[in-house]
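Residue numbers (my numbering), protein chains in the order written: chain A, 1 to 171; chain B, 1001 to 1137. These notes are about the structure you will find just below.
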Amino acid sequence: MNFLFVELWPWWLGGIGVGLLVPLMYYFLNTALGVSTGYGNLLKIILPKTKLKWLNSEKFRDKFNWRFIFICGMIAGGFLSARTSGMSLTTSQMGIFTEKTSWSLATYIIWFFASGILLGLGARLAGGCTSGHSIHGLATFQKSSLVATVFFLLFGVIATFLIKLLVWGGA
Amino acid sequence: MTKKLGYLLAGIFFGFVLSRSGASEYNYIHYMFTGEDLKLALLMGTAIVTGAIGMKVLKHFGNKDSGGKEIKISTKPLTKHTAIGGALFGIGWAATGACPGTVLAQVGEGKLLGLFTMLGMMCGTYIYALIVEKADL
Chain A
1 MNFLFVELWP WWLGGIGVGL LVPLMYYFLN TALGVSTGYG NLLKIILPKT
51 KLKWLNSEKF RDKFNWRFIF ICGMIAGGFL SARTSGMSLT TSQMGIFTEK
101 TSWSLATYII WFFASGILLG LGARLAGGCT SGHSIHGLAT FQKSSLVATV
151 FFLLFGVIAT FLIKLLVWGG A
Chain B
1001 MTKKLGYLLA GIFFGFVLSR SGASEYNYIH YMFTGEDLKL ALLMGTAIVT
1051 GAIGMKVLKH FGNKDSGGKE IKISTKPLTK HTAIGGALFG IGWAATGACP
1101 GTVLAQVGEG KLLGLFTMLG MMCGTYIYAL IVEKADL
């Protein structure tokens, strides 16, 4: 069982697992795979009295609806994976990013929080994220998903180049 | 109730698979963008093909869900904000090594900085709500 629970899965197995979610969620739950709209549920939970009309739209009427349950499940899934593979319980490392920089914790927090804002705002303006657009949307041949995914990847490449050059000092 | 359990199981499965395949690792995303290691792109490509085949199979069997109801594919309109949103998202993806799905796996794994990415995403979603309050997008 080590190959499933300890070693990293090969890309094709992960791809098949993620891809199967699209038809399985349609078949058993009649629901389109997607994550980012669920961040609206989280906002509605911490700001129940908000007057903003988007947060009071129909999709957030029940703030503990499927999107919230799905998000909780995903956190639990990450937790289970970390426990079975023997990762440490918590870490303030973030791969090569924290190896190439030696900032204070506060600076890292600001970087990740600020960049998270771009992800949250970008996903809403684009109408979805990597799950809803790049996986679900492309698997169902949607033009907007192709446009969104091309821009996700294009600007990911540009930003990575700039981060290496300007933030990591040409490393 | 069974449906809620279904969503929970689907979420656990998704988070587990993302984490087990390394998609929640900063380096996995970074090396895709530098072109040094395309495993994540291959994973996404496999997922798209698998999903598309699965949807064709469902269509072949009458496009009905398990309860016999018609499956309605959720459509996402192309708007004049799709590209700009995609660009902002791409920058955030490269800067954090996470997307709205994989960050949840990161939080579950105990990656502290992932928690701040997630809080940032909530803040970004709130900014969107503020923008659409003033302007009709």
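No residue lacks a Cβ here, since even glycine has one placed at the ideal position from N, Cα and C. It should be emphasised that the depicted structure is a prediction, and the values quoted were computed from it without experimental measurement.
Query	Result
Rounded to whole angstroms, what's the CA-CA distance from A:Lys213 to A:Val35? Just pull it up for me.	It is not possible to answer for residue 213 of chain A, since the shown part of chain A is limited to 1 through 171.
Please list, in chain order, all residues of the same chain as A:Tyr39 whose beta carbon is under 7 Å from its beta carbon, the five residues on each side excluded.	Gly120
Decide if A:Phe70 is buried, meaning its Cβ has at least 16 other Cβ atoms within 10 Å, or exposed.	buried
Looking at the structure shown, is B:Glu1070 part of a helix, part of a strand, or coil, going by DSSP?	strand
Between A:Asn30 and B:Gly1067, is the Cβ-Cβ spacing less than 9 Å?	yes
Give the single residue among B:Ala1129, B:Met1122, B:Glu1133, B:Ile1131 whose Cα lies nearest to the Cα of A:Ile46.	B:Met1122
State the Cα-Cα distance for the pair B:Thr1117 and B:Lys1003, rounded to the nearest angstrom.	30 Å
Helix, strand or coil: how does DSSP classify A:Thr173 here?	The question about residue 173 of chain A has no answer, for chain A in this structure spans 1 to 171.
Using the Cα positions of B:Phe1089 and A:Phe152, report the straight-line distance between them to the nearest angstrom.	6 Å
Roughly how many angstroms separate the alpha carbons of A:Met25 and A:Lys59, rounded to a whole number?	18 Å
Look at the alpha carbon of B:Ile1127 and the alpha carbon of B:Ala1083, and state the distance between them as a whole number of angstroms.	18 Å
Which two residues bound the contiguous alpha helix (DSSP H) that contains A:Met74?	66–85
Buried or exposed for A:Leu4, please, with buried defined as at least 16 other CB atoms from any protein chain shown within 10 angstroms of its CB.	exposed
Cα-Cα, which of A:Trp103, A:Gly73, A:Asn56 is closest to B:Val1132?	A:Asn56
Name the residues in the region 1061–1090 of chain B whose C-beta lies less than 8 Å from a C-beta of chain A; which are they?	Asp1065, Ser1066, Gly1067, Lys1069, Ile1071, Lys1072, Ile1073, Ser1074, Thr1075, Lys1076, Pro1077, Leu1078, Thr1079, His1081, Thr1082, Ala1083, Ile1084, Gly1085, Gly1086, Ala1087, Leu1088, Phe1089, Gly1090
Compare the C-alpha of A:Gly19 against each of B:Gln1106, B:Val1103, B:Leu1043, B:Ala1094 and name the closest.	B:Leu1043
With a threshold of 9 Å between beta carbons, is A:Arg61 in contact with chain B?	no
Is there a Cβ of chain A sitting closer than 9 Å to that of B:Met1001, yes or no?	no
How about A:Ser104: is its C-beta nearer than 9 Å to some C-beta of chain B?	no
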